[in-house]
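Going by full-length UniProt numbering, the first residue of the sequence shown is number 1, and it counts up by one from there.
To keep things clear, I will list the structure first and then write my remarks on it.
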Amino acid sequence: MDASLSSNSRRGNKKVARRGRAGTDPVDLITVTEAGKMLRVSRRTIERMIARGILPFYELPVRGGIRFSRTEIEAFLDARHRDKV
């Protein structure tokens, strides 16, 4: 396992060290608000998706803020679109 990444008890949760995960550009991490805009859902819906393990997320170590990988959100959108077609 990467030293900068560890699992947490909540499904889909990954902790990110300050310098970020190897291969993950810090710019690629987006906020709950930005993820909501991409998915066209409310902040509360994002929180529900996290609680149900639908969206993978990253927890910042110091303040415990939540971030998402833009790439993973785009993949989620692509998969959801394919399911509808």
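Cβ coordinates follow ideal geometry from the N, Cα and C atoms, glycine included.
Remember, it's a predicted structure, so these values are computed and weren't measured experimentally.
Rounded to whole angstroms, the gap between the alpha carbons of Ser69 and Ala79 is 15 Å.
In the DSSP annotation of this structure, the continuous segment of the alpha helix (DSSP H) that includes Arg48 starts and ends at Arg43 to Ala51. In this structure, DSSP gives Leu55 a state outside helix and strand, which the three-state scheme calls coil. Arg43 places its beta carbon less than 9 Å from that of Gly36. Per DSSP, Arg67 is one residue of the beta strand (DSSP E) stretching across Ile66 to Ser69. Judged by their CB atoms, Ile46 and Val32 are nearer to each other than the 9 Å cut-off.
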